[in-house]
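Everything on this sheet refers to the single structure shown next.
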Amino acid sequence: MRMGTSLLALVVCGFLGLSAGLTSVRAEGGLDGAEFRKLIQGQMAAFRRNDAAGAFAFATSGLQKQFQSPDIFIAMVKQGYLPVFQPKDVSFGRLKETPQGPVQEVFVTGPDGDNWVALYSFARQDDGTWGISGCVLRKDSGSAA
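First residue of the sequence shown: 2, per this note's numbering; consecutive thereafter.
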């Protein structure tokens, strides 16, 4: 499991920069917030079913290569992202455009009742569709889902 923990640290460190440089999405930017919400909701539904392969399918090919298999991916999520794996409540905040791609702000209440902000990042796949490229999770003391 050491490999999974190291990969988790790599992914988290790689996406920590996303929260620093967020800029507002312009209406003419053509980003469809509904499309990104659907991806997140689909992955969370797969988490609820404990469907590792289904949840893994929402990840970009790059993220899939990092985690190698649905089982490694789901173990990492259970270990480091319990609030998005078993949320009590979910609400969507702002959609932002960053130099790395779109980022959707999601407010979640974890299974223990604590509030969190999840910043989901997205990247275009080779086939033109969007995939989830990462998630940064931080404790939120100021809002509820």
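Where is the CB? At the ideal position from N, CA and C, for every residue including glycine.
Going by DSSP, name the residue or residues bridged to Ser92. Counting from one through the sequence shown, the residue named residue 92 turns up at place 91. Answer by DSSP bridge pairing, in chain order: Phe108.
Tell me where the beta strand (DSSP E) around Arg139 begins and ends. Counted from its first residue, the sequence shown places residue 139 at position 138. It spans Trp131 to Lys140 - the beta strand (DSSP E) in which Arg139 sits, taken as one unbroken run.
Measuring straight from C-alpha to C-alpha, what distance separates Ala56 and Phe48? For the purposes of this step, residue 56 is identified with residue 55 of the sequence shown, where counting begins at 1. For the purposes of this step, residue 48 is identified with residue 47 of the sequence shown, where counting begins at 1. When rounded, the separation of the alpha-carbon atoms in Ala56 and Phe48 is 6 Å.
Comparing C-alpha positions only, which one of Glu106, Met45 and Ser134 sits nearest to Pro88? The count along the sequence shown starts at 1 and reaches residue 88 at position 87. Comparing alpha carbon positions, the residue from Glu106, Met45 and Ser134 closest to Pro88 is Met45.
Phe123: first and last residue of the uninterrupted alpha helix (DSSP H) it sits in: As a working note, residue 123 is residue 122 in the sequence shown. The continuous stretches of alpha helix (DSSP H) do not include Phe123, which lies in the beta strand (DSSP E) extending over residues Asn116 to Arg125.
My guess is that Glu106 and Leu32 are in contact by the Cβ rule of under 8 Å, so how many angstroms apart are they, rounded? Walking along the sequence shown from the start, residue 106 turns up at place 105. Walking along the sequence shown from the start, residue 32 turns up at place 31. About 13 Å separates the two Cβ atoms, so there is no contact after all.
Check this for me: beta carbons of Lys79 and Phe86, under 8 Å apart or not? Here the question's residue 79 lines up with position 78 in the sequence shown. Here the question's residue 86 lines up with position 85 in the sequence shown. Cβ distance < 8 Å, so Lys79 and Phe86 count as in contact.
Tell me the rounded alpha-carbon separation between Asp141 and Ile41. As a first step, residue 141 must be located in the sequence shown, where it is residue number 140. As a first step, residue 41 must be located in the sequence shown, where it is residue number 40. Straight-line spacing of the CA atoms in Asp141 and Ile41 works out to 19 Å.
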